[in-house]
Amino acid sequence: MPPVENAELLRVQDLKVHFPIRTGGIVFGQYTPLKAVDGVSFSLKAGETLGIVGESGCGKSTLGRGILQLIKPTDGKVVFLGNEMTSMAGEQLRAQRQHMQIVFQDPLASLNPRMTVGDIIAEPLTVFFPKMSVAERKAKVKALMAKVGLLPQMINRYPHEFSGGQCQRIGIARAMIVDPKMVICDEPVSALDVSIQAQIVNLLMDLQQEFGLSLLFISHDLSVVRHVSHRVMVLYLGKVMEIASRDSIYAEPLHPYTQALISAVPIPDPDLEKNKQRIVLGGDLPSPMNPPSGCVFRTRCPRATDICAQVVPKLEEKAPGHQVACHHWGPPAQALV
Amino acid sequence: MLSYAVRRLLEAIPTLLVIVALSFFLMHAAPGGPFDSERVLPPEIEANLKAAYNLDKPVWQQFVIYLGNALQGNFGPSFTYKDFTVSELLGTGFPVSLRLGLTAILLAVIIGCTLGILAAMRQNTRTDYSIMGFAMIGITIPNFVMAPLLTLVFGIYLGMLPVAGWGDGSIQYIILPVVALALPQIAIISRLTRGGMVEVLRSNFVRTAHAKGLPERVIIVRHTLRAALLPVVSYLGPAIAGLVTGSVVIEQIFGLPGIGRYFVQGAINRDYTLVMGTVITYGTLIVLMNLLVDLVYGLLDPRVRYD
Numbered sequence: 169m170p171p172v173e174n175a176e177l178l179r180v181q182d183l184k185v186h187f188p189i190r191t192g193g194i195v196f197g198q199y200t201p202l203k204a205v206d207g208v209s210f211s212l213k214a215g216e217t218l219g220i221v222g223e224s225g226c227g228k229s230t231l232g233r234g235i236l237q238l239i240k241p242t243d244g245k246v247v248f249l250g251n252e253m254t255s256m257a258g259e260q261l262r263a264q265r266q267h268m269q270i271v272f273q274d275p276l277a278s279l280n281p282r283m284t285v286g287d288i289i290a291e292p293l294t295v296f297f298p299k300m301s302v303a304e305r306k307a308k309v310k311a312l313m314a315k316v317g318l319l320p321q322m323i324n325r326y327p328h329e330f331s332g333g334q335c336q337r338i339g340i341a342r343a344m345i346v347d348p349k350m351v352i353c354d355e356p357v358s359a360l361d362v363s364i365q366a367q368i369v370n371l372l373m374d375l376q377q378e379f380g381l382s383l384l385f386i387s388h389d390l391s392v393v394r395h396v397s398h399r400v401m402v403l404y405l406g407k408v409m410e411i412a413s414r415d416s417i418y419a420e421p422l423h424p425y426t427q428a429l430i431s432a433v434p435i436p437d438p439d440l441e442k443n444k445q446r447i448v449l450g451g452d453l454p455s456p457m458n459p460p461s462g463c464v465f466r467t468r469c470p471r472a473t474d475i476c477a478q479v480v481p482k483l484e485e486k487a488p489g490h491q492v493a494c495h496h497w498g499p500p501a502q503a504l505v
Numbered sequence: 037m038l039s040y041a042v043r044r045l046l047e048a049i050p051t052l053l054v055i056v057a058l059s060f061f062l063m064h065a066a067p068g069g070p071f072d073s074e075r076v077l078p079p080e081i082e083a084n085l086k087a088a089y090n091l092d093k094p095v096w097q098q099f100v101i102y103l104g105n106a107l108q109g110n111f112g113p114s115f116t117y118k119d120f121t122v123s124e125l126l127g128t129g130f131p132v133s134l135r136l137g138l139t140a141i142l143l144a145v146i147i148g149c150t151l152g153i154l155a156a157m158r159q160n161t162r163t164d165y166s167i168m169g170f171a172m173i174g175i176t177i178p179n180f181v182m183a184p185l186l187t188l189v190f191g192i193y194l195g196m197l198p199v200a201g202w203g204d205g206s207i208q209y210i211i212l213p214v215v216a217l218a219l220p221q222i223a224i225i226s227r228l229t230r231g232g233m234v235e236v237l238r239s240n241f242v243r244t245a246h247a248k249g250l251p252e253r254v255i256i257v258r259h260t261l262r263a264a265l266l267p268v269v270s271y272l273g274p275a276i277a278g279l280v281t282g283s284v285v286i287e288q289i290f291g292l293p294g295i296g297r298y299f300v301q302g303a304i305n306r307d308y309t310l311v312m313g314t315v316i317t318y319g320t321l322i323v324l325m326n327l328l329v330d331l332v333y334g335l336l337d338p339r340v341r342y343d
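Protein sequences appear in the order of chains S and E. To convert a position in the first sequence, counted from 1, into this note's numbering, add 168. To convert a position in the second sequence, counted from 1, into this note's numbering, add 36.
This is how it looks when you write it as structure tokens:
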């Protein structure tokens, strides 16, 4: 993993993305906000990878899209390269997209089936560098295709002629063509099988090393996140539960939710796996339209007490570089691994 | 693609043969004939008439004779429009219907697609609702209501345009019938376009296009429209064939010399040759238009392969 520079690239402050959902009848119904992302704050340094984990529906993807303004946030600030982006729109916002790109989850569906791979990858160049000659553009596309592990002579093929892993390489090339400073990877490997996952993850890390990229790596796979991230952020119901450096969060998670997640990761050793203590969470994820009072995790938390229902725990630094939002934070009762 | 088109054209021959045979035998199977009338003809005259038109022969023989003539481009004399051959009737009327139909469909595509795109981009807003409401009205008002209304307003109250007739075929005679023909098509096409656009606008690759930083215009034209227009294209094939073969109602109301009326009059008068002529014209157009649709599909979607 490449070293992290100290310059702050992205700062997200109290970001909220709420969707109005109509509840009740057609006549007497009203709009209730679905709080997909509810007050998330963090920062990302140049060259750093921040892993964002959480179970399905906790707002990981919405957070990524909210940062890129692909979904307009309801409230909060996104400061990228010193520019506040939530107030930007149109031309101004499009200009920023040269520096911030995204790799989507479904590799094939994210590529226009009616365009050749060459056109797909080159298209951002036509917008941001309209003066670039066709030959120059083509050379750039071919060079990048080679870099992401595609044969440059496949430039005139269509997306459906590629495998899932190859499509994801196309998606990465498409994001990388404008030399972005930050790439949000929204579950980039969840649609791929494990052997391909490793290739894609390593490709992303190589590109990060070479171009000094910052990555926001969104995933529900804790092992993959552990492999790529400098720091890890745990989300639950649109709120941050814990942020810490990779090593401290995996070695000593302080939030009971993080502990439950980590205890659920399978260990590739059958003997260890058999005797492992697992923290099993009861119940389902509560509805983000009607979240629990106080701490949103209290309904499933083994440590919950009265205070958890009344006071929302603040995200506070409990150890150096280790922030937790929990009234009863502390290391797990028994070793997780 | 060329070999595909040629193959499809060759395949059209048996299709047309089946259409011709089916309509020929069905028509002859129906009771009554072209020379039945209230006043019973003397048997000798009737026999003479039937002999003159080969109606005294068994039906299969008549079919063979008809087919033989038709293949040489001779579609026979009309039974009711005496002194005219079917080719003459259709030949003079078709250019009129073709001109009306093509103008109407061109107008309908331009306006319909524009409205549909607009409605989809402003989905669930007042713009969307008013366009779709207009479209619903356009679909539900039949053209025998719309055409007289147009005539009344623009022909009589405002006196801007001729009420009916073809005159020398200049533009003022065409406007009202074309508008009457185009209105329901505008409505259908705008609904189809909106439906296609709404679906494609939500798709993942359009989200990618936004993430790339493309301007809205480019996203619509380059990414969305090609996929969204597929339903419109498949609708247009049969619609063009239907429109250029004329509309009975519109031609009657505006007194236009198109071929639409022959479809109905031929059938009512048992004008065997005229009915066959119209069937062949319509069948050929349908086959050609569907071939055109399939070729356009290939232009819109590279995954369509012709082999």
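A virtual CB, placed ideally from N, CA and C, is assigned to each residue, including glycine.
| Asked | Found |
| --- | --- |
| Find the residues of chain E that neighbour S:P281, judging by a C-beta separation of less than 9 Å, and give them in chain order. | F241, A263, D337, P338, R339 |
| Let me make sure I understand the geometry here. Which of E:V340, E:L327, E:L250 has the alpha-carbon closest to that of E:V42? | E:L327 |
| Quick one: list the residues of chain E neighbouring S:F296, beta-carbon separation under 8 Å, in chain order. | G249 |
| To the nearest angstrom, how far is it from the Cα of S:A257 to the Cα of S:F296? | 17 Å |
| Let me know if S:Y418 comes out buried or exposed under the rule of 16 or more other beta-carbons within 10 Å of its beta-carbon. | buried |
| With the cut-off set at 9 Å, would you say E:I295 and E:A183 are in Cβ contact? | no |
| In angstroms, rounded to a whole number, what distance separates the CA positions of E:G319 and E:D72? | 28 Å |
| Consider the Cβ of S:A343: report whether some Cβ of chain E lies at a distance smaller than 9 Å. | yes |
| Over the uninterrupted beta strand (DSSP E) stretch that includes S:H490, give me the two end residues. | 490-492 |
| So what's S:G227 in DSSP terms, helix, strand or just coil? | coil |
| Quick check on DSSP: helix, strand or coil for E:P178? | coil |
| Mind listing which residues of the region 246-277 of chain S have their C-beta closer than 7 Å to chain E's C-betas, in chain order? | R262, R265, Q266, Q269, I270, F272, D274, A277 |
| What runs of the beta strand (DSSP E), each 3 residues or longer, lie entirely inside the region 249-303 of chain S? | 268-271 |
| Starting from the N-terminal side, write out each stretch of the alpha helix (DSSP H) that is 4 residues or longer and does not extend beyond the region 416-492 of chain S. | 424-431, 438-443, 474-478 |
| Starting from E:P78 and walking both ways along the beta strand (DSSP E), at which residues does that stretch end? | No beta strand (DSSP E) holds E:P78; DSSP gives it neither H nor E. |
| Beta-carbon of E:T161 versus every beta-carbon of chain S: anything under 9 Å? | no |
| Just the C-alpha distance for S:E252 and S:L384, rounded to the nearest angstrom, thanks. | 18 Å |
| Closest to S:P327 by CA distance: which of E:G231, E:F241, E:R297, E:L197 is it? | E:F241 |
| In chain S, which residues lie with their C-beta within 9 Å of the C-beta of E:T229? | By Cβ distance, chain S contributes nothing, its closest Cβ being about 17 Å from E:T229, past 9 Å. |
| Going by beta-carbon coordinates alone, are E:I167 and E:L151 separated by less than 9 Å? | yes |
| Can you tell which of E:N305, E:I316, E:A223, E:H64 has the C-alpha that lies nearest to the C-alpha of E:A6? | The displayed coordinates of chain E run from 37 to 343. Any statement about residue 6 of chain E would go beyond what the structure contains. |
| If you measure between the beta carbons of E:L310 and E:M37, is that distance less than 9 Å? | no |
| Would you tell me roughly how many angstroms separate the C-alpha atoms of S:T294 and S:M300, rounded to the nearest one? | 8 Å |
| Taking the alpha-carbon of S:K240 as reference, which of S:S224, S:H267, S:I270, S:V205 has the nearest alpha-carbon? | S:V205 |
| Counting along the chain, where does the beta strand (DSSP E) carrying S:Y199 start and finish? | 198-213 |
| What's the C-alpha gap between E:W202 and E:L136? | 11 Å |
| Given a cut-off of 9 Å on the beta-carbon distance, is the pair S:L202 and S:M457 in contact? | yes |
| Which stretch, first to last residue, makes up the alpha helix (DSSP H) that contains S:I411? | Per DSSP, S:I411 belongs to no alpha helix (DSSP H); it is in the beta strand (DSSP E), 407-413. |
| Should E:L335 go down as buried or exposed, given a rule of 16 or more other Cβ atoms within 10 Å for buried? | exposed |
| DSSP state of E:Y117, grouped into three classes? | coil |
| Using 9 Å as the limit for Cβ to Cβ distance, is E:A245 near chain S? | yes |
| Listing by chain order, which chain B residues have their CB less than 7 Å from the CB of S:L360? | Looking at the structure shown, chain B is missing, and the protein chains on hand are S and E. |
| I need the DSSP call for S:P188, collapsed to helix, strand or coil. | strand |
| Would S:E304 be called buried (16 or more neighbouring beta carbons within 10 Å of its own) or exposed? | exposed |
| Using only alpha-carbon positions, find the residue among E:L321, E:I255, E:L52, E:P267 that is nearest to E:G148. | E:P267 |
| Do the CB positions of S:L381 and S:R337 come within less than 9 Å of each other? | no |
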